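Peer 1:
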Amino acid sequence: MIVVDQLRKAFVDPEGRPALAVDGVSFSAGPGEIVGLLGPNGAGKTTTMRVLATLVSADSGTATVAGHDVRTAAVEVRRSIGYLSANTGLFGRLTPREVLIYVATLQGCEDAEARAEALLDRFDIRRFAHAHCDKLSTGMKQKVSIARAVVHDPPVLIFDEPTSGLDVLVAQELFSFLEDARDRGRCVLYSTHIMGEAERLCDRLVVIHRGRVLATGTLAQLRDQTGETRLEDVFMRLVRGDGPR
Amino acid sequence: MKEGALRVEASPGRVLRVIVTAELRQHLRDPLTLVFMVLVPLVLYPALGGVGHLVVSRAQASADARVLDVAIEPAIDLPANLRAVSADPEASVRDGSADIGVRRIGDQVDLWWDSRSPDSIDARGRVVEALTAARKASAERQVRAEDTDPPERRTRESAARFLPALLLFTMLTGGLYTALDLITGEKERGSVETLLSTAVDRRLVLFAKFLVVLGFTVVSTVLSLASSWVSAQWVLGLALPPTTILLSLALFAPMAVLLAAVLVAAAAWAPDFKSGQVLTTPLLILPLVMAAATFVPGLTLTPFTAVLPIAGLALATREVVAGRIDGFPLAVAFLSTCGWAAAALAGGARLLGREDVILGTRGSAQRRLRGDFRADALGLLAVAFLALWFIGQTAQAADVVWGTFLTQLALFVPLALLAPWWVGLPVRSTLRWGPASATDWARGALLGLCLPGVGLTVQALQGLVLHSPSSLFEGVFPADSPLWLLVFAFGVLPGVCEELLFRGAFFGLWRTRAGPVVAVMGTAVAFGAFHLSVFRFFPTAALGLVLGLFSLRTGRVGPGMLAHALNNSVAMVALSYGLDVGFSWPMVVLGAAGVALAVPWRRGVAAV
Chain Z
2 MIVVDQLRKA FVDPEGRPAL AVDGVSFSAG PGEIVGLLGP NGAGKTTTMR VLATLVSADS
62 GTATVAGHDV RTAAVEVRRS IGYLSANTGL FGRLTPREVL IYVATLQGCE DAEARAEALL
122 DRFDIRRFAH AHCDKLSTGM KQKVSIARAV VHDPPVLIFD EPTSGLDVLV AQELFSFLED
182 ARDRGRCVLY STHIMGEAER LCDRLVVIHR GRVLATGTLA QLRDQTGETR LEDVFMRLVR
242 GDGPR
Chain G
11 MKEGALRVEA SPGRVLRVIV TAELRQHLRD PLTLVFMVLV PLVLYPALGG VGHLVVSRAQ
71 ASADARVLDV AIEPAIDLPA NLRAVSADPE ASVRDGSADI GVRRIGDQVD LWWDSRSPDS
131 IDARGRVVEA LTAARKASAE RQVRAEDTDP PERRTRESAA RFLPALLLFT MLTGGLYTAL
191 DLITGEKERG SVETLLSTAV DRRLVLFAKF LVVLGFTVVS TVLSLASSWV SAQWVLGLAL
251 PPTTILLSLA LFAPMAVLLA AVLVAAAAWA PDFKSGQVLT TPLLILPLVM AAATFVPGLT
311 LTPFTAVLPI AGLALATREV VAGRIDGFPL AVAFLSTCGW AAAALAGGAR LLGREDVILG
371 TRGSAQRRLR GDFRADALGL LAVAFLALWF IGQTAQAADV VWGTFLTQLA LFVPLALLAP
431 WWVGLPVRST LRWGPASATD WARGALLGLC LPGVGLTVQA LQGLVLHSPS SLFEGVFPAD
491 SPLWLLVFAF GVLPGVCEEL LFRGAFFGLW RTRAGPVVAV MGTAVAFGAF HLSVFRFFPT
551 AALGLVLGLF SLRTGRVGPG MLAHALNNSV AMVALSYGLD VGFSWPMVVL GAAGVALAVP
611 WRRGVAAV
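The structure is reproduced here in structure tokens:
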């Protein structure tokens, strides 16, 4: 569902010089699996996901999502994904119901209103369906954002640090939703720098640091490679450059 | 949850309608929209017009009732609002003991009055009226004076001059907030990313936003025109034909497209709301300055002036409202505005295609992190310009000396000091405030004496292509003020305060990411434009250039202050003594010497 090959993307750093945010990243993710992009802040996770969401274009390399090239078939890619990041805000002066109907219509859902109603129940936001989004609590806003991202029931979910600022209850709801999506054959790309989340949720991990992929595999494989038991230690060993044993 | 949502390919028209509806819904739920789009054109403008009319009417009635003193020889019967005083007509006006002096010798009538005094001007009108009446009464040959321009047409002419600027201002206020909210605000709130991550062509999203901005611009204009129409009848008693209003509206249609495209592009370019406000402030001013073409004496609508952006259409609207309809130049104005609008749309679309622009990855925080304060420099200029325009000019109109004191000390100096502090830069080093060497002070003094040569030479060169008035400063400075006060107010103060603002704060912010020479040139252009006169632009910009180079040479703002102050003071003394110094070769040599003194010849001399 997601195939990334030698992706590169440079930005201008605070000194005004070009800096590689993503430097030859390659990985893949298939249907019915949750792949975690694990890395510290500034590792290149968000840029990689933004390239996959066609929000920014890569300088070189290729990426396909659900068989569509992000460069040449951006609209088809966006139709195939549910994208959520810390930057994807809600329309503050619309209600959750209006947001869901609006996005569902843009995503081409024929039954936009029915989809909106179903998601209001699924995420338990019906009580606030008529309030403007900017009046909602952080957790409630995030629930609406998740519902917005999946309103068209896409085959690929790209979630960039979706639990930041969430309390444990809402985070648990999110995890159960993602596990449910995996069970229904959806491909989930999930970025985080929280080891516990990655450990609980992800079937495979892509450890990324300073724009480069340091290691890829299941948690068991990474443990074997590094000789560490706890994911935090695995991660530290990889990031410090000790590398797989 | 139901599995697998049914998907259909939405047509571009449907997508456009859906986005426009959602954008409208969001924008109309913002209370500020109501203020900018409805209350301002429908309530504020008529209210201001009505209050202004009331104030002017009362002031006129009060002035009419005041008894004014006339020193008249020989005496005639005067109306009740004029009082004869026995004194020499000319001397009494000069010493202020009479408002007007009249001497009649046979059919010859000599009048003395003071054009700076409203009472004196008023007295002249009353005396001319009384003399005409006296001639009638004595059966002398009547001097017939009749204004062929009926009062209704004069009122209509005044309305025609004001209306284009009013419409532009309404359009800009209506469209500006909409553009900032729907584009810059959405970038800041992150919802633009939500929209752009849907399966919709990005161009459709942007076009939908453009349509909404255009819609608000048009609605504001229609409301403003309707309110102007009603106000014209209610306040001025002027019945403008509906066809005039409709024709004005039709003329302004491409202008709405032009302004909406420019506003959308500016809002998209701005990475955040604050930067957007700074960036669009000049956009609010520039069109109004161009629309002020309707007030320029002698500037008429011709096929050539019609192609000027904004100014051409403003002149065309003036002609339509004044009742002078000439098809060809009107068509040229309309079509050329369509052309400008198409160019603005194309430029805007090109700009909006850039991902860094759309996603706002060039945020002000990032710019500041990189030490780029050029946008802040432009913001400073915009704020200083507004302060000068609305406060400084008003104060100077009331009293030119004290108005200049206020402008320089209470506006320019605080702005210059606050700007670096506001953006978090060290104030002293940004302004390059510090002790300079004795040599630099001596150079500054010499440069100050040479600078008049620069200004006069550039003015003479400008005269080859642009005919300027014989004296730009005639009647500007009060003749009855002591010379020391004039030198201090118009020489020393601007020298110190304007250097602090331009070669200090503006240059200090601009040079953060521009090379020193580019920053000097940018500062010079800003300095020239700041003097609010087409005729003074090039001479003052040239002075700014030389003073900028000199500040590079010395690395301090102080010696430039001395040079600037001396240049202005020399000019004040020359004006006071009536010295008419025009172009001459010695002046060119003097100017060249000034440039030679200012240029930092050795690489690395500039302490920037």
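Protein sequences, first through last, are from chains Z and G.
Note that our numbering gives residue 88 to position 87 of the first sequence, counting from 1, and the numbers run on in steps of one.
Note that our numbering gives residue 156 to position 146 of the second sequence, counting from 1, and the numbers run on in steps of one.
C-beta: ideal position from N, C-alpha, C; glycine also.
Nothing here was measured: the structure is a model prediction, and the numbers come from that model.
Could you please give me the residues that DSSP links to aspartate 61 (chain Z) through a beta bridge?
Peer 2: Rather than aspartate, the amino acid found at residue 61 (chain Z) in this sequence is serine. Serine 61 (chain Z) pairs with Z:Arg9.
Peer 1: With a threshold of 6 Å on Cβ separation, who are the neighbours of arginine 205 (chain Z) within its own chain once the five nearest residues in sequence on each side are excluded?
Peer 2: Answer for arginine 205 (chain Z): Val36 and Thr219, listed in chain order.
Peer 1: Using the rule of at least 16 other Cβ atoms within 10 Å of the residue's Cβ for burial, across every protein chain shown, is isoleucine 335 (chain G) buried or exposed?
Peer 2: Exposed: under 16 other Cβ atoms inside 10 Å.
Peer 1: Among Z:Ala54, Z:Ala75 and Z:Gly62, which has the Cα closest to the Cα of leucine 85 (chain Z)?
Peer 2: Checking every option, the nearest Cα to that of leucine 85 (chain Z) belongs to Z:Ala54.
Peer 1: Mind listing the chain G neighbours of arginine 94 (chain Z)? Cutoff is C-beta to C-beta under 7 Å, in chain order.
Peer 2: In chain order: Gln36, Arg39 and Asp40.
Peer 1: Under DSSP, the alpha helix (DSSP H) around cysteine 460 (chain G) begins and ends at which residues?
Peer 2: Residues 448-473.
Peer 1: Hey, valine 605 (chain G) and valine 556 (chain G): beta-carbon distance below 7 Å or not?
Peer 2: Yes. Within cutoff.
Peer 1: Using CA atoms only, rank isn't needed, just tell me which of Z:Val78, Z:Asp225, Z:Ile209 and Z:Ala130 is closest to threonine 49 (chain Z).
Peer 2: The option with the nearest alpha carbon to threonine 49 (chain Z) is Z:Ile209.
Peer 1: Going by C-alpha distance, which of G:Ala301, G:Asp109, G:Leu121 and G:Leu64 is nearest phenylalanine 172 (chain G)?
Peer 2: When each option's Cα is compared against that of phenylalanine 172 (chain G), the closest is G:Ala301.
Peer 1: Are alanine 392 (chain G) and proline 292 (chain G) closer than 7 Å when you measure CB to CB?
Peer 2: The answer is yes: Cβ separation under 7 Å.
Peer 1: Is the stretch 226-236 of chain Z close to the stretch 179-193 of chain G, with three or more CB pairs under 8 Å?
Peer 2: As far as the Cβ criterion goes, the stretch 226-236 of chain Z does not touch the stretch 179-193 of chain G, which means the pair count is below three.
Peer 1: Taking the runs of the alpha helix (DSSP H) that are 4 residues or longer, which of them lie wholly in the stretch 69-107 of chain G?
Peer 2: Listed in chain order, the complete alpha helix (DSSP H) runs (minimum 4 residues) inside the stretch 69-107 of chain G are 99-104.
Peer 1: Starting from aspartate 225 (chain Z), trace the alpha helix (DSSP H) both ways and give me its first and last residue.
Peer 2: Counting along the chain, the alpha helix (DSSP H) containing aspartate 225 (chain Z) begins and ends at 220-227.
Peer 1: What separation, rounded to the nearest whole angstrom, lies between the Cα atoms of alanine 73 (chain G) and aspartate 109 (chain G)?
Peer 2: Each residue's alpha carbon lies about 13 Å from the other.
Peer 1: State yes or no: is the beta carbon of asparagine 88 (chain Z) nearer than 7 Å to at least one beta carbon in chain G?
Peer 2: Output row for asparagine 88 (chain Z): interface = yes.
Peer 1: For aspartate 40 (chain G) and proline 252 (chain G), what's the separation of their Cα atoms in angstroms?
Peer 2: Approximately 33 Å between the Cα atoms of the pair.
Peer 1: Output yes if chain Z places a C-beta closer than 7 Å to the C-beta of threonine 208 (chain G); else output no.
Peer 2: Chain Z, which has a Cβ nearer than 7 Å to the Cβ of threonine 208 (chain G), makes this yes.
Peer 1: Taking 7 Å as the CB-CB limit, is glutamate 10 (chain G) close to chain Z?
Peer 2: With chain G covering only 11 through 618, there is no way to say anything about residue 10 (chain G).
Peer 1: Please confirm whether valine 262 (chain Z) has its beta-carbon closer than 7 Å to some beta-carbon of chain G.
Peer 2: Since the first and last residues shown for chain Z are 2 and 246, residue 262 (chain Z) lies out of range.
Peer 1: In chain G, which residues lie with their C-beta within 9 Å of the C-beta of valine 4 (chain Z)?
Peer 2: Here the premise fails: no neighbours, minimum Cβ distance about 20 Å.
Peer 1: Is it buried or exposed for aspartate 191 (chain G), if we count other Cβ within 10 angstroms and need 16 for buried?
Peer 2: The residue is buried, with at least 16 neighbouring Cβ atoms inside 10 Å.
Peer 1: I'd like to check one pair, leucine 456 (chain G) with leucine 607 (chain G): are the Cβ atoms closer than 7 Å?
Peer 2: In this structure, leucine 456 (chain G) lies closer than 7 Å to leucine 607 (chain G) by Cβ.
Peer 1: What residues from chain G crowd round arginine 79 (chain Z), counting only those whose CB sits closer than 7 Å?
Peer 2: Those are Ser207, Thr208 and Ala209, listed as they occur along chain G.
Peer 1: Pick out whichever of G:Ala218, G:Ala270, G:Asp132 and G:Ala429 has its Cα sitting closest to the Cα of valine 228 (chain G).
Peer 2: Closest by alpha carbon: G:Ala270.
Peer 1: Excluding sequence positions up to five away, which residues of its chain have a Cβ less than 8 Å from the Cβ of arginine 166 (chain G)?
Peer 2: Closer than 8 Å at Cβ, skipping near neighbours: Leu248, Leu250, Val331, Ala332 and Gly333.
Peer 1: Grouping DSSP H, G and I as helix and E and B as strand, with all else coil, what is isoleucine 707 (chain G)?
Peer 2: Outside the shown range of chain G (11 to 618) lies residue 707 (chain G), about which nothing can therefore be said.
Peer 1: Is the distance from the Cβ of serine 201 (chain G) to the Cβ of phenylalanine 92 (chain Z) below 7 Å?
Peer 2: Taking 7 Å as the Cβ cut-off, serine 201 (chain G) and phenylalanine 92 (chain Z) qualify as a contacting pair.
Peer 1: For the pair the stretch 498-507 of chain G and the stretch 406-421 of chain G, tell me if three or more CB-CB distances fall below 8 Å.
Peer 2: Yes: at least three Cβ pairs fall under 8 Å.
Peer 1: Name the chain G residues that come within less than 9 Å of glutamine 173 (chain Z), Cβ to Cβ?
Peer 2: Within chain G, no residue comes near glutamine 173 (chain Z); the closest Cβ sits about 18 Å away, beyond 9 Å.
Peer 1: Can the beta-carbon of alanine 687 (chain G) be found closer than 7 Å to that of arginine 27 (chain G)?
Peer 2: This structure does not reach residue 687 (chain G), given that chain G is present from 11 up to 618, and the question cannot be answered.
Peer 1: Skipping 5 residues on each side, what residues in its chain have a beta carbon closer than 6 Å to that of alanine 67 (chain Z)?
Peer 2: Cβ neighbours of alanine 67 (chain Z) beyond the five flanking positions: Met2, Ser81, Pro156 and Val157.
Peer 1: Return the first residue and the last residue of the alpha helix (DSSP H) that aspartate 120 (chain G) is part of.
Peer 2: Per DSSP, aspartate 120 (chain G) belongs to no alpha helix (DSSP H); it is in the beta strand (DSSP E), 118-123.
Peer 1: Per the DSSP calculation, glutamate 33 (chain G) is bridged to which residue(s)?
Peer 2: DSSP lists no partner for glutamate 33 (chain G).
Peer 1: Interface residues of chain G around leucine 91 (chain Z) at Cβ under 9 Å?
Peer 2: Simply Arg199, Gly200, Ser201 and Thr204.
Peer 1: In this structure, does DSSP put tyrosine 187 (chain G) in helix, strand or coil?
Peer 2: Helix.
Peer 1: Starting from phenylalanine 395 (chain G), trace the alpha helix (DSSP H) in both directions and tell me its first and last residue.
Peer 2: From DSSP, the alpha helix (DSSP H) with phenylalanine 395 (chain G) extends over 384-397.
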